[in-house]
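S.K.: One structure, as structure tokens, below. Some questions next.
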Amino acid sequence: MSIAVCTQKHIFGLRRNVSNSIAYHDEQTVVYPAGSNTIMYNMDQKIQKFIPPGSDKVEALTAMAVSPNRRYIALAERHAGKATVTIYDLHSLRKRKVLTSPEVQSSEFVSVSFSPDSKYLITQGGKPDWTLLYWTWEKSRVMASTKTSDPRGSLPVYQVTFNPQDNTQICATGNAIFKLFRYSETTLKQFAFQKAEQNYLCQAWVSDERVVVGTDSGKLLIFEAGEVKSEINLADLIKLDREKSDLEREKTMTTISDEQSFDASVNVTAIAAFSKGFACTVGPGRVFIFEKSEEKEVFKKTREVRIPEDQNTIDPAKNAAQTITALAISPSEESLVCITDQGQSFSIALSSTELGKGEYGKFEFLAQSFHHGQVTGLDVCIRKPLIATCSLDHSIRVWNFETNNIELYKEFPEEAYSIALHPSGLYILVGFSDKLRLMNLLIDDIRPFKEFTIRGCRECSFSNGGHLFAAVHGNIIQVYSTTTFETVQNLKGHNGKVKAVVWSQDDSRIVSCGIDGAVYEWETYTGKRPGESVLKSNHYTGVALSPEGKTYYAVGSDKTLKEISDCQVLREIDAKDNATFTSVAMSHSGRMLFTGMHNGALRSIKFPVTTPGEWIEYTGHSSQIVKMKVTHDDQQLITISDDSCVMIWKIQDREGRAQKRADKDIGYAEEILITKSDLEEKNSNMAELKTRVDELMMENDYQMRLKDMNYNEKIKELTEKFIQEMESLKTKNQVLKTEKEKQEQKHEDDVSDIIERHSKEVQDLESANNQKLMLEYEKYQELQTKSQKMQEDYERQLHELEEQKERELEEMTEFYEAKLNDMNKKLETANDEMREQKREYEETKRQIEEDADREILDIKNRYERRLKEEKDNNMKLKAETGILRKKFTSLNKEIEDHKEEIKKYQQEIQKLNNMIHQLEKDIQGLKKEIQERDDTIQDKEKRIYDLKKKNQELEKFKFVLDYKIRELKKQIEPREKEIKNSKEQIQEMESELERFHKQNTQLELNISELKQKLKATEKEKHQERQTVRDVEAVVRRFRTDLHNCVGYIQDPKLLGESIRALYKKHVQDDITSEASVDADIQKEYARQREHLERSVASLRKKLVKDTEIHKADNVRIMQENVSLIKEINDLRKELKIARSHVHDLEAALGLHRKTNQAKATETLARLLDNNPNTKLELEVTDKNKIIDMQRNEISKLRSQLREMELYGNNDRPPSGLRLEPIETH
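Sequential numbering of the sequence shown, starting at -9, is according to our numbering.
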């Protein structure tokens, strides 16, 4: 008698609806929930480690968090209606602490987070109270708590996090909730109040002050110190990317199959931060990676990652539309993993080439694709280590329990309810909602080859030999031949749905059970029913058969395990603890018995069964176990559940001895199925590829030979070139050596000269410094005497202040001691009052908290103003109370300053005694002094000073004068003679300036005359345009009427009427009434009409031609006018510059000064006599020529305009003229 030992080996699937459901433990290991366990999955070795739940009574896992030091993990669990947090050590996988608090009314924690130093933990409770707890988790003590939702608790909170640099700062976000808390003295105080109006789904700290928050409207809000600093609209980024991709497609004329149009709402469901920025989800299947820009304040999108399409599904785009619920970045920031709402996990290397090229990257499965719907069918085979499962997600998956990988995966249009795997591992039988299908397992596909008309087959099974299979059709079990596909037997007897079918080892019998409370034993070939057990009050869900086929074990809704033999129930084992058995399985050796429970637990029953039963319970799944199968070697137990997970257990007997394979030497089969057409296609492809490889090898060899020849020639050319360059470099080197020796000799001579000059300057400076030192020493003696007197005064004042301070201190001590006694008495009374008021406070606190949130925003502004006023008052009070202290400290500081000055002077005396070591500093000081004295000499130049004071306008030309002064300073000696000559030239230039003034006045008159002429020209041009517009209007009206007349060309009567109407409209109305029309008049009218038609045609052609000519003339005139206006403006600017230049010259010559005016006039005259061809005269001459040319051009244009007017009057009727009347003959 023994109880089998079960150990979890591997689990395919993961648990959804867990907050922050994936995290990194180290660079190769990720942590995520699956079933009721938490998995540590090594991505390199494909190995899983399991962290069990906190206890057997855990109802659900709601949130998880890994500490920043990667040592601990916190699991928030719903435990018997109470919220708990269990903390595990990730190294030893042992439980460290279990945290519970009576302050939380909720049954769950929705979010947990570790502090940066991993010593503290925050937990956010759920509804109704939404309580936030701040824990010292190692001591299991709550440090502080607060309510994060609104007073009514109607707004949910989704996430809470610690500041990555501050243990005391916390951020909480939710629907219309964004709150920052600071822990201080056992309380969590909210600060930086922010009015939240959006639904904040997630958040992450990107620095010690900035938080990135994602909303359900597709926006990223970056908060700094509680205020929104920037906003990123992700919908705009998607639109911009789509426009760019559309442009690229138009250029390349290609389409991208995996480019999806995401019409769903672009909500941000997860954010993960790293050192350079953060990654966030963007609607379904997208992740944007933002990094800091050069400004360090703005985040820019640098990369994009998407979930790829799945070609194994019916709708490949459906896989790409999964919503990502959690993100995690590895510690080295080289990879990114995510979890989706369909229970899939993906990863990508952030350093991949696709991301580097600016293209969007594609996620890959972290391990493999999992079921995301309820798993309904399970089976194993004998010849291969395969597990076949089907699910309500329309998929069939074939797993390998040795390699822990998925072998085949395909999705079908219909839901799959049951599955059976042939013992050979080459075929599967699947019960779909419409038909039962027998399918081949090919190398890379699952392909149907036979269909049976059984709708909604909920149970099917191959015989142990594989030659038969049984399928349930309602309450009938149909047995078919696997080779002929003919019906062998129809087993009828059940009154309800059949839930399980089991074959005996020799395939001679079948045992079935159903919801009608019956367990039947059938003979396969005769259809007889040799044994039965019926209990109508029980709904059986599973049955297992012993190896000898005499005893079977059934479980059902009555919460018992029944051992049935010879149609009698031998034993009943109660499940206890209000548990229910849902499935049962027995090993092929008949020594191990297992049952699955409604809560997902696995029980290993002591065998042989005794009453009351004994078992060991293992926690694995989070929902009821639907089916169980033991592999043929009795080493693995496979379980499936409603939680979409497939779990592999390693089973052993009590002493730990695993069951041995009888055919271990044979091993598992490695053969696969492949169709002939697929094989031929692959062979042909291989042949083609082989031929192509041979061709490419030949081509590459040829190319290599060509390249070798080219490279040898290039090497030869480069060698010759380098040899020549080396020779030339040697020659240059020799030349440079010779020049270097010459330069060295010259440099040595220069250095010797400089040393001699410097030694002479040093001697001069020493003599000057000695005199200066004597003066400074005398000043020092005076200052020392003064300092001694001040020191005596300060010491006396200090002594008096100390005595006054002692007296005041004694008085204040007595006063405050008395006051302290009074305060102690008041404190005792206040404590009594406080205890009495505490109860009242607790009651009022509850009422105040309900109204506080509504009043916070209104009170905030008022209290900020009051706070500012109080601060000002406080500053005034501090200033008043600190006056004496400041005076005292200032006196002490002055005394210390004087002491330091005395020490400084003593040090200076010692330094002055060692003048040799301080000569360089003194030289620099003397140079500065010389420079200052030079500036003083320059400032004292009387002529410059007087000019600046007398003439204010010369301030505008200060830069010019400074430049001239500097030039004069450089050339002051050789320029003395030139200054005398310049004075004579200035007198000559004064007379020239007078003449320039007259010429400028004449130029202004000429310009005004040109402006008047230009204005007249503009007026004439406007009149001409009006005339053209009138003519065009007349012609347009006549053309329209004439076109209408031509429409009646086939109807002479209507044509005549239209011609008469045309005549009445365009000819004068003062026509006498006509006499009766005879035949001759009609002929004349016809002749006149033909004449008019010809005239109109010719007029039309002439009008078009004249219009074009006139339009071209107008354009040309307009362009010429524009150029004239531009030239006039240029002349005005030049004239202004000339006037300013003349004014500068007059100012420089002193013409504006009354005292030197005569002298300056004579100088100007002499300059003009000596330099008659000055630059100014040339400029004036050029401007006169330009003005004469413009006058000629304007007169020419006027004459052209007059000619055009005459031409227009002669050749075109003016506006308003009518056609000549038609005369009757």
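We treat Cβ as the ideally placed atom computed from N, Cα and C, and that holds for glycine. All values derive from a computational prediction rather than experimental measurement.
What is the DSSP secondary structure of residue 156, counted as helix, strand or coil?
M.R.: Here residue 156 sits in strand by DSSP.
S.K.: Output yes or no for whether 7 Å exceeds the beta carbon distance between residue 41 and residue 28.
M.R.: yes
S.K.: Please state whether the Cβ-Cβ distance between residue 161 and residue 639 is less than 7 Å.
M.R.: no
S.K.: Around the Cβ of residue 1044, are there at least 16 other Cβ atoms within 10 angstroms (buried) or fewer (exposed)?
M.R.: Exposed.
S.K.: What did DSSP end up calling residue 80 once you bin it into helix, strand or coil?
M.R.: coil
S.K.: Using the three-state DSSP reduction, which class does residue 1035 fall into: helix, strand or coil?
M.R.: helix
S.K.: Does the separation of the CB atoms of residue 544 and residue 509 fall below 7 Å?
M.R.: yes
S.K.: Whether or not the region 365 to 378 and the region 272 to 292 are in contact is what I'm after, with contact meaning three or more pairs of Cβ atoms, one per stretch, closer than 8 Å; do they touch?
M.R.: Result no; under three Cβ-Cβ pairs closer than 8 Å.
S.K.: Report back the beta-carbon spacing between residue 629 and residue 592 to the nearest angstrom; my notes put them in contact at under 8 Å.
M.R.: 6 Å
S.K.: On a Cα-Cα basis, can you pick out the residue from 362, 1080, 471 and 55 that is closest to residue 6?
M.R.: 362
S.K.: Is residue 1184 buried or exposed, if buried means 16 or more other CB atoms sit within 10 Å of its CB?
M.R.: buried
S.K.: Taking 7 Å as the threshold (C-beta atoms), are residue 163 and residue 173 in contact?
M.R.: Taking 7 Å as the cut-off, the beta carbon of residue 173 is found no closer than this to the beta carbon of residue 163.
S.K.: Does the region 17 to 24 come into contact with the region 309 to 324, if we say contact requires no fewer than three beta-carbon pairs (one atom in each stretch) closer than 8 Å?
M.R.: yes
S.K.: Comparing C-alpha positions only, which one of 217, 864 and 141 sits nearest to residue 1238?
M.R.: Nothing about residue 1238 can be reported from this structure: the residues present for the chain run from -9 to 1215 only.
S.K.: Which stretch, first to last residue, makes up the alpha helix (DSSP H) that contains residue 66?
M.R.: Note, residue 66: premise wrong, no alpha helix (DSSP H); beta strand (DSSP E) at 62 to 69.
S.K.: Pull up the DSSP beta-bridge partners for residue 429, would you.
M.R.: 418 and 438
S.K.: For residue 371, collect the residues of the same chain with a Cβ closer than 6 Å to its Cβ; drop the 5 residues on either side in sequence, then sort them by chain order.
M.R.: 411, 413 and 415
S.K.: Can you tell me whether residue 235 is helix, strand or coil according to DSSP?
M.R.: Three-state result, residue 235: helix.
S.K.: Would you decide whether residue 714 is buried or exposed? Buried here means 16 or more other CB atoms lie within 10 Å of its CB.
M.R.: exposed
S.K.: Would you be able to state if there are at least three C-beta pairs under 8 Å between the region 774 to 791 and the region 891 to 900?
M.R.: yes
S.K.: Does the Cβ-Cβ distance between residue 528 and residue 546 come in under 7 Å?
M.R.: yes
S.K.: So, with DSSP's three-state summary, where would you put residue 27?
M.R.: Three-state result, residue 27: strand.
S.K.: Which of the three DSSP states is assigned to residue 1108 in this structure?
M.R.: helix
S.K.: Check the C-beta distance from residue 1221 over to residue 220 and give it rounded, since I have them as a contact under 8 Å.
M.R.: This structure leaves residue 1221 out entirely; the chain is present only between -9 and 1215.
S.K.: Curious, which full-length alpha helix (DSSP H) runs of at least 4 residues does the region 853 to 905 contain?
M.R.: Contiguous alpha helix (DSSP H) elements confined to the region 853 to 905 occur at 873 to 903, taking only those with 4 or more residues.
S.K.: Note the first and the last residue of the continuous beta strand (DSSP E) segment covering residue 207.
M.R.: Taken as a continuous stretch (DSSP letters only), residue 207 belongs to no beta strand (DSSP E), as it is neither H nor E.
S.K.: Excluding the 5 residues flanking residue 258 on each side, which residues of the same chain have their C-beta closer than 8 Å to its C-beta?
M.R.: Here the set comprises 191, 192, 204, 205, 206, 208, 209, 210, 224, 270, 271 and 272.
S.K.: Please determine if the region 485 to 492 and the region 452 to 459 are in contact, where contact requires at least 3 C-beta pairs separated by less than 8 Å.
M.R.: no
S.K.: Evaluate residue 526 with the Cβ neighbour count: other Cβ atoms within 10 Å of its Cβ, from every protein chain shown; 16 or more gives buried, anything less gives exposed.
M.R.: exposed
S.K.: Answer with buried or exposed for residue 1037, where buried requires no fewer than 16 other C-beta atoms within 10 angstroms of its C-beta.
M.R.: exposed
S.K.: From residue 496 to residue 454, what does the alpha carbon distance come to, in whole angstroms?
M.R.: 7 Å
S.K.: DSSP has residue 295 in a bridge; who is on the other side?
M.R.: 277 and 351
S.K.: Please report the straight-line C-alpha distance between residue 116 and residue 63, rounded to a whole angstrom.
M.R.: So the two alpha carbons sit approximately 20 Å from each other.
S.K.: Comparing C-alpha positions only, which one of 213, 597, 189 and 603 sits nearest to residue 550?
M.R.: Ranked by Cα distance from residue 550, the options 213, 597, 189 and 603 are led by 603.
S.K.: Is the number of C-beta pairs between the region 106 to 114 and the region 137 to 152 that are closer than 8 Å three or more?
M.R.: Because the criterion of three Cβ pairs below 8 Å is met, the region 106 to 114 and the region 137 to 152 touch.
S.K.: Leaving out five residues on either side along the sequence, give the residues of the same chain with a beta carbon under 7 Å from the beta carbon of residue 169.
M.R.: 138, 162 and 180
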